[in-house]
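Student: Below: one structure in structure tokens.
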Amino acid sequence: MKIQSAFAALVLGAVLVAPAAFAQNSQQSKMTTCNKQAGDKKGDDRKAFMKSCLSATPTAAPMTQQEKMKACNTQAADKKGDDRKAFMKTCLSNKS
Numbered sequence: 097m098k099i100q101s102a103f104a105a106l107v108l109g110a111v112l113v114a115p116a117a118f119a120q121n122s123q124q125s126k127m128t129t130c131n132k133q134a135g136d137k138k139g140d141d142r143k144a145f146m147k148s149c150l151s152a153t154p155t156a157a158p159m160t161q162q163e164k165m166k167a168c169n170t171q172a173a174d175k176k177g178d179d180r181k182a183f184m185k186t187c188l189s190n191k192s
């Protein structure tokens, strides 16, 4: 029974540490990207740029075709026939 408890504690510890490690790597990659973009800026200009760059939220990745289809199907649940067909055509052709 002690081995199972130790294993459970080990798994729980790994689960709790993983998000923190991911966040750190994400922050590190953001810092690397911002440093490259800052280029040859110096002093207050660089400081202001780095502050805005590091505090910016990443842009969302565009939806895949499968995600679009799922979202459009959900929105078109109450439509039927030609009305649904027209709605799906416009919904799926939207850029997002």
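Counting from 1, position 74 in the sequence shown corresponds to residue 170 in our numbering; the numbering is continuous, with no gaps.
Just so you know, even glycine gets a beta-carbon here, dropped at the ideal spot from N, CA and C.
Keep in mind the model is a prediction, meaning the values are calculated, not measured.
So the candidates are K185, A172, Q123 and D140; which of them puts its Cα closest to the Cα of Q151?
Tutor: Position check: residue 151 holds Ser in this sequence, whereas Gln was assumed. The shortest C-alpha separation from S151 is found at Q123.
Student: When the Cβ atoms of the stretch 164-181 are set against those of the stretch 136-143, are three or more pairs found closer than 8 Å?
Tutor: The stretch 164-181 is not in contact with the stretch 136-143.
Student: Compare the C-alpha of P158 against each of K137, N190 and K98 and name the closest.
Tutor: That would be N190, whose Cα lies nearest to the Cα of P158.
Student: Which residues bound the alpha helix (DSSP H) around K138?
Tutor: It is not in any alpha helix (DSSP H) - K138 carries neither H nor E in the DSSP assignment.
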